[in-house]
Amino acid sequence: MRLCVFLCGDTSKRPYRVEIFRQALEDAEVLKDISGIGASQMSNFWVLRFRTQEAKKAVLAAGGLSVKGAYCAIIDPCRKEIKVKVHWVQFHIPSDTLRKALSEFGEVMKIRHEEGIVQGFESAESTTRASSLVLKEGVTAQKLPHLLKLYGALSLWLCPVRHQFVSSVTDKVISAATARRLAALSAAPSVMFVRTAYVRA
Numbered sequence: 001m002r003l004c005v006f007l008c009g010d011t012s013k014r015p016y017r018v019e020i021f022r023q024a025l026e027d028a029e030v031l032k033d034i035s036g037i038g039a040s041q042m043s044n045f046w047v048l049r050f051r052t053q054e055a056k057k058a059v060l061a062a063g064g065l066s067v068k069g070a071y072c073a074i075i076d077p078c079r080k081e082i083k084v085k086v087h088w089v090q091f092h093i094p095s096d097t098l099r100k101a102l103s104e105f106g107e108v109m110k111i112r113h114e115e116g117i118v119q120g121f122e123s124a125e126s127t128t129r130a131s132s133l134v135l136k137e138g139v140t141a142q143k144l145p146h147l148l149k150l151y152g153a154l155s156l157w158l159c160p161v162r163h164q165f166v167s168s169v170t171d172k173v174i175s176a177a178t179a180r181r182l183a184a185l186s187a188a189p190s191v192m193f194v195r196t197a198y199v200r201a
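Below, the structure is given as structure tokens:
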């Protein structure tokens, strides 16, 4: 993966096709340096392979692309420092508890409450906490849990450098079997890691 990057497009602009990326990559002056391109599991998540490290560095330096009139993130899969957003964290749960859970996977650089989500609530904290994490040797973002139980309540972990099972909290549709599993987990007293796929019926 040392010559690859991921492109993560706006989910509201789906579907994506290979020709849609042509102009943005031409504008970034790297089109001729691409040796491979294709969708990666989800239609808004694509992988590019370059011929040289210099071309990869050039596109990463751009910081992002404009695709279908929206921001498209460029992600380096080899980067060890990642951002993790943890949703649904109840207000009474201390950040030290979350720090302990994250430290299983690497060194936690910072954790902060998200604020100022909507006008009128600028000083109100949300139930989302943002963290920065340097992964341990041999650990990848794919090994982080998607759901984690904290103090008896599930929290949702989202990381931009891995495939997500949900594009947004309001977009999830789960099977009856998965719903039963989640209900059972919410009744369990211990902290546990859960990997579950959100699937359309």
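Under UniProt numbering, residues 1 to 201 are what the sequence shown spells out, in order. Glycine included, C-beta positions come from ideal geometry on N, C-alpha and C.
* To do: Could you spell out where the alpha helix (DSSP H) holding LYS57 opens and where it closes?
  => 53-62
* From what residue to what residue does the beta strand (DSSP E) around ARG49 run? -> 42-50
* Pull up the distance between the alpha-carbon of LYS57 and that of TYR151, whole angstroms please. => 42 angstroms
* Cβ pair ALA24, CYS72 closer than 8 angstroms -> yes
* Go through its chain and collect everything with a Cβ distance to ILE82's Cβ below 7 angstroms, but skip five positions before and after it. => LEU133, LEU135, ALA141, CYS159 and VAL161
* Candidates VAL30, ARG51 and ASN44: which alpha carbon is nearest PHE6's? -> ASN44
* Asked: How should LYS100 be labelled, buried or exposed, when 16 other C-beta atoms within 10 angstroms of its C-beta is the threshold for buried?
  -> exposed
* Inspect the CB distances between the stretch 52-69 and the stretch 104-117 and report whether three or more fall short of 8 angstroms. => no
* **Range covered by the beta strand (DSSP E) that runs through LEU148** => 147-150
* Taking only the alpha-carbon atoms, compute the straight-line gap between ARG79 and GLU19 and give it to the nearest angstrom. => 27 angstroms
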